[in-house]
Amino acid sequence: MLANVVVVITAVTVLLVRPEASPTSVSLAGTASPISTPPTPPPTQTPSVTPSPGPSPVVALPSAELPPPVVASPEFAKQVKANEAGMVPVLMYHRILKKRLASIDRTPSQVRQEMEKLARNGYVPVTAHEFVTGDIRIPAGKHPVVLTFDDGHPSHFALDKAGAPAKDTAVGIIYQVAKKYPEFRPVATFWVNHQPFGLRDAHAQENAVRWLTTHGFEVANHTWDHPYLPGLSKKKIAEQLVRVQRMLTKYGAGTPDTLALPFGAMPRKRSTVQSGKWDGTSFAFKGVFLAGAQPSDSPFTKGYDWRAIQRVQSNGKKGECRKWCSQYWLEWLGKHPDRRYTADGDPERISVPRELRGNISPQWKQRINAY
C-alpha cells in the first residue's frame, strides 16, 4: 500500500540526517512514515531520578489485571456492537519533553491529554505482545489501543525518591490516567536499544526492566544500535537482534517476541527480521512493527500481516500530520465506529457482524461468533 512505500523513502531521509550514536548519547528514532523528520536534536540530560527499586510507593498503583471474561452470545455481541474485525490504533511515541526539540517529541501535557481522551472514548490499552497473539481481553464494548514507546528514552521511565514512577514520564502519566479512569489499563510496550532508559549501569538497567515487566509492561527489541537495517548484512542484522534478546532475557523480560524496526525501515529480505540465529542464539518474532502511518488491521483478519504492522505517530494535525498522525486517525475512527475494533468481552470468541465473517482469517474461523 502507499503508506508502506513512503515508509522506506522517509526512513532513508531520516538516516541521512541522524548523527552516529555515541556511547554518551540517547538515540532518537525517526518515524518512517509519510511524516518528514527533522535532524536529530542534541541529546537531553537524563533526569536525576533513576529506575532503582526504592521503597514501595505510599499510594498503591492501579492494577494491570485483566477483567473477568464474559460469554458472548450472538445477541450479546449485537447488543454491544462488537466488531473484532475492526481497526486498532497502535500509537507510536518517542521522547516526552517539557520543551519539544523535534516534531515527533511530545510534551507531558500532550501525552496526558491524548491518553485521557482515549480513556473517555472507551479505549483500553493492551501490549504489543497481547495484540500480536490475539490475547485482547478487554471489556465488552471497549476498543483496544496499543501504546508503544521507541528507544527506551529516560523520559519513558524513572522512579522518584519514593520509589513511584516519576510524574512526567510515560509510565507516570499512564498511571495518572489509569487512576482517573479505572478502565484505562496501565500497560504499554517499550522497545529499547542497548541502554534502556538512558541507563549505562547493567544493574540499574536490570532493575528498570524487572520493575516494568513485574507491573505488566512489555519491554522488547528495537535492535542494539538503532541501525538502518536495509544497509546491513543478514549476519549483522541477526547480531543486532540477538544482543538485545540476550540482554532482555537476562534482565527478566522473558524472550521478547515483538520488534519495532529502527526508522520503520524494512530490510530488503523481510525474513531476516522475522527469525534467525547468531552466535548460537536464535530469535523468532510474532510481530514486526513499522513506523506509520495508519491503524493496524485486526490480528484476526485476512488483511493483517504480522511481518509489517502499521503504527500511528502521536501528533496533532499540522503539516504532513493532517492525515497521518494520531489526532487525525482517532477522530476518523470516532466518526466511523463501524471500522473500529469493538470487543465482545469474550476471549474465546471473535464476534463480528454477519457480513464481515468472511474477513476473518481461516486460522480463527472456529472462534467466529457472527450476528
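Sequential numbering of the sequence shown, starting at 669, is according to this note's numbering.
C-beta atoms are modelled at their ideal positions from N, C-alpha and C, and glycine is treated no differently.
Item	Value
To the nearest angstrom, how far is it from the Cα of V819 to the Cα of T949?	The sequence shown places Asp at residue 819, not Val. About 23 Å.
Using DSSP with H/G/I as helix, E/B as strand and the rest coil, what is V818?	Going by the sequence as given, residue 818 is Asp instead of Val. In the structure shown, D818 sits in a strand (DSSP, three-state: E or B).
Buried or exposed: R868, going by 16 or more other Cβ atoms within 10 Å of its Cβ?	exposed
What does DSSP give as the partner residues of Y761 in its beta bridges?	F817
Excluding sequence positions up to five away, which residues of its chain have a Cβ less than 7 Å from the Cβ of A753?	S966, F968, T969, V1020, L1024, N1027 and I1028
Would you list the one or two residues that DSSP bridges to W946?	T949
Roughly how far, in whole angstroms, is the beta-carbon of A834 from the beta-carbon of A826, given that I think they are within contact range, below 8 Å?	5 Å
How about A888 and P850: do their beta carbons lie closer than 8 Å?	no
Bridge partners of W879, per DSSP?	None; W879 has no bridge partner.
So what's A796 in DSSP terms, helix, strand or just coil?	helix
Do A856 and P793 come within 8 Å of each other at the CB atom, strictly closer than that value?	yes
Any idea what DSSP makes of I806, helix, strand or coil?	coil
Within 10 angstroms of its Cβ, does S823 collect 16 or more other Cβ (buried), or is it exposed?	buried
Under a three-way DSSP split, which group does L958 fall into?	coil
Is P1030 buried or exposed, if buried means 16 or more other CB atoms sit within 10 Å of its CB?	exposed
By Cβ distance below 8 Å, which residues in the same chain neighbour R914 in space, the five residues on each side in sequence not counted?	T949
DSSP state of V845, grouped into three classes?	helix
Which first and last residues belong to the alpha helix (DSSP H) in which T917 is found?	K902 to K918
Inspect the beta-carbon positions of F852 and A787 and report whether they are closer than 8 Å.	yes
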